[in-house]
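A.B. asks: Just so you know, we're using this note's numbering here: the sequence shown kicks off at 4 and counts up by one.
For every residue, glycine included, the Cβ atom is placed at its ideal position computed from N, Cα and C.
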Amino acid sequence: MTTTPDELRELYLDLMKRTLTGALMEDNDSILGGVRTAGSPSLKKKLANAAGSAAQKFGFEISYKKPYDPALRETGSDWPARSESMIGLKRMQNIQDAISAIIEDDVPGDFIETGVWRGGACIFMRANLKAWGDTKRTVWLADSFQGLPAPNVKDFPADQGDTFYLQTGLSVGEAAVRHNFERYNLLDDQVKFLVGWFKDTLPTAPAESYSLIRLDGDLYESTIQALDALYPKLSPGGFCIIDDYGTLPDQAGKAVHDYREQHGITDEIIDIDGNGAYWRKS
Numbered sequence: 004m005t006t007t008p009d010e011l012r013e014l015y016l017d018l019m020k021r022t023l024t025g026a027l028m029e030d031n032d033s034i035l036g037g038v039r040t041a042g043s044p045s046l047k048k049k050l051a052n053a054a055g056s057a058a059q060k061f062g063f064e065i066s067y068k069k070p071y072d073p074a075l076r077e078t079g080s081d082w083p084a085r086s087e088s089m090i091g092l093k094r095m096q097n098i099q100d101a102i103s104a105i106i107e108d109d110v111p112g113d114f115i116e117t118g119v120w121r122g123g124a125c126i127f128m129r130a131n132l133k134a135w136g137d138t139k140r141t142v143w144l145a146d147s148f149q150g151l152p153a154p155n156v157k158d159f160p161a162d163q164g165d166t167f168y169l170q171t172g173l174s175v176g177e178a179a180v181r182h183n184f185e186r187y188n189l190l191d192d193q194v195k196f197l198v199g200w201f202k203d204t205l206p207t208a209p210a211e212s213y214s215l216i217r218l219d220g221d222l223y224e225s226t227i228q229a230l231d232a233l234y235p236k237l238s239p240g241g242f243c244i245i246d247d248y249g250t251l252p253d254q255a256g257k258a259v260h261d262y263r264e265q266h267g268i269t270d271e272i273i274d275i276d277g278n279g280a281y282w283r284k285s
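(1) So what does DSSP say about LEU173, is it helix, strand or coil?
(2) What ranges does the beta strand (DSSP E) occupy inside the stretch 228 to 256, keeping only unbroken runs of at least 3 residues that lie completely in it?
(3) Comparing C-alpha positions only, which one of LYS68, VAL119, LYS133, THR166 sits nearest to VAL156?
(4) Between the alpha carbons of ASP253 and LEU215, how many angstroms are there, rounded?
(5) Ordered along the chain, which non-local residues of its own chain (more than five positions away) have a Cβ less than 7 Å from that of GLY240?
(6) Can you tell me whether THR250 is buried or exposed? The criterion is at least 16 other CB atoms within 10 Å of its CB, across all chains shown.
(7) Going along the chain, which residues of its own chain have a beta-carbon closer than 8 Å to the beta-carbon of ARG140, five neighbours each way excluded?
(8) Taking only beta-carbon positions, decide if ASN278 is within less than 9 Å of chain D.
(9) Between the stretch 90 to 104 and the stretch 10 to 30, are three or more C-beta pairs nearer than 8 Å?
(10) With three or more beta-carbon pairs closer than 8 Å as the criterion, would you say the stretch 62 to 80 touches the stretch 176 to 191?
(11) Could you check if SER212 is buried or exposed, using at least 16 other CB atoms within 10 Å of its CB as the buried criterion?
(12) Would you mind working out which of GLY123, TYR223, TYR15 sits nearest ALA258, comparing C-alpha positions?
(13) For TRP135, I'd like the list of residues in its chain whose CB is within less than 6 Å of its CB, leaving aside the five on either flank, ordered along the chain.
(14) Closest by CA to ALA74, which one among TYR67, LYS68, TRP82?
(15) Between the C-alpha atoms of THR24 and ASN31, what's the straight-line distance to the nearest angstrom?
(16) Does the beta-carbon of ALA280 have 16 or more other beta-carbons within 10 angstroms, so that it is buried, or is it exposed?
(17) Could you compute how far the alpha carbon of ASP274 sits from the alpha carbon of PHE148?
(18) For GLN228, count neighbouring C-beta atoms within 10 Å of its own C-beta (all shown protein chains included) and say buried if the count is 16 or more, exposed if not.
(19) Report the three-state DSSP secondary structure of ILE275 (helix, strand or coil).
(20) Give a yes or no on whether the C-beta atoms belonging to GLY220 and THR117 are separated by under 9 Å.
(21) What is the residue span of the beta strand (DSSP E) that ASP9 lies within?
(22) Taking only the alpha-carbon atoms, compute the straight-line gap between THR171 and GLY150 and give it to the nearest angstrom.
(23) Quick one: what's PHE196 bridged to in DSSP?
(24) For the beta strand (DSSP E) holding SER214, just list the boundary residues, first then last.
(25) Take ASP146 as the anchor and find which of TYR168, ALA130, GLY199 has the nearest alpha-carbon.
(26) Using only CA atoms, which one of ILE268, SER225, ASP261 lies nearest to LEU237?
(27) Given this structure, state the Cα-to-Cα distance separating GLN59 from TYR168, to the nearest angstrom.
This is the structure:
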């Protein structure tokens, strides 16, 4: 029985999803001094993370195994230690479904993610373009590549008390993200980087139009700045995906509602997995 091109595409993209999220290898180690270093609730964990961070300076890793829960990985409710994405399988599938609709409906425009961590979601976007044979669109990665900004409470009071900027594991350098693309043989001229804070880079981003904008900046500030700069360039039929819509309703979620109310946007917001959500621009 001959495998069809559509079946081959699906097999490739399914393997990419499971690899990028760590589901394939059931990546669930806890690395001391790793992703969630800051904000540990106990002195014991703080001391353990300090020891782990010190060991890393000498090329060592202190880690321990945790039971792998497929349900948590489906919704991205756990943070894989080594994988390229923490968004989980359902939000990965959402990207795939959106791109399939964009290509089939011939919606014009590039793809962009604001807040890329290790680059996993953008690697998957590029893999989708490769699988479809699309050579015209660009995947844009917008990030400071030095973690999240400290809250600007004066201008964005919704971010009061936020501590994501202390999470050292959220700071991944541009070189590391580029290397991740190279490992999948997907770093080419269809991948572009916008390096810096969103307020500085997004208003002058060179893309003329987008068919997919994926916002993963967590904060109210990061979300509203991305919407202000990018949504006017989103083509009708394009997708606006908010990674933290349900996870951070008082920050990312509030920014979405404020922007939609200000601009009279009534397109239905559709839940993905209890964390992320999206709508399609009419």
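C.D. replies: From the atom records:
(1) Of the three classes helix, strand and coil, the one that applies to LEU173 here is helix, per DSSP.
(2) Taking only runs of at least 3 residues, the beta strand (DSSP E) segments lying wholly in the stretch 228 to 256 are 237 to 245.
(3) Comparing Cα positions, the closest option is THR166.
(4) 24 Å
(5) ASP108, VAL110, ARG283, LYS284
(6) buried
(7) Excluding the 5 residues flanking it on each side, ARG140 has same chain C-beta neighbours closer than 8 Å at GLY112, ASP113, PHE114, LEU132, GLN193, SER214, in chain order.
(8) In the displayed structure, chain D is absent; only one protein chain is listed.
(9) The stretch 90 to 104, when compared against the stretch 10 to 30, does touch it at the 8 Å Cβ threshold.
(10) As far as the Cβ criterion goes, the stretch 62 to 80 does not touch the stretch 176 to 191, which means the pair count is below three.
(11) exposed
(12) A check of alpha carbon separations from ALA258 across GLY123, TYR223, TYR15 identifies TYR223 as the nearest.
(13) Same-chain partners within the cutoff: ILE106.
(14) TRP82
(15) 10 Å
(16) buried
(17) 28 Å
(18) buried
(19) DSSP, reduced to helix, strand and coil, places ILE275 outside both helices and strands of the structure shown, so it counts as coil.
(20) yes
(21) Counting along the chain, ASP9 falls outside any beta strand (DSSP E), though it belongs to the alpha helix (DSSP H) covering 8 to 23.
(22) 7 Å
(23) LEU144
(24) 213 to 218
(25) GLY199
(26) ILE268
(27) 21 Å
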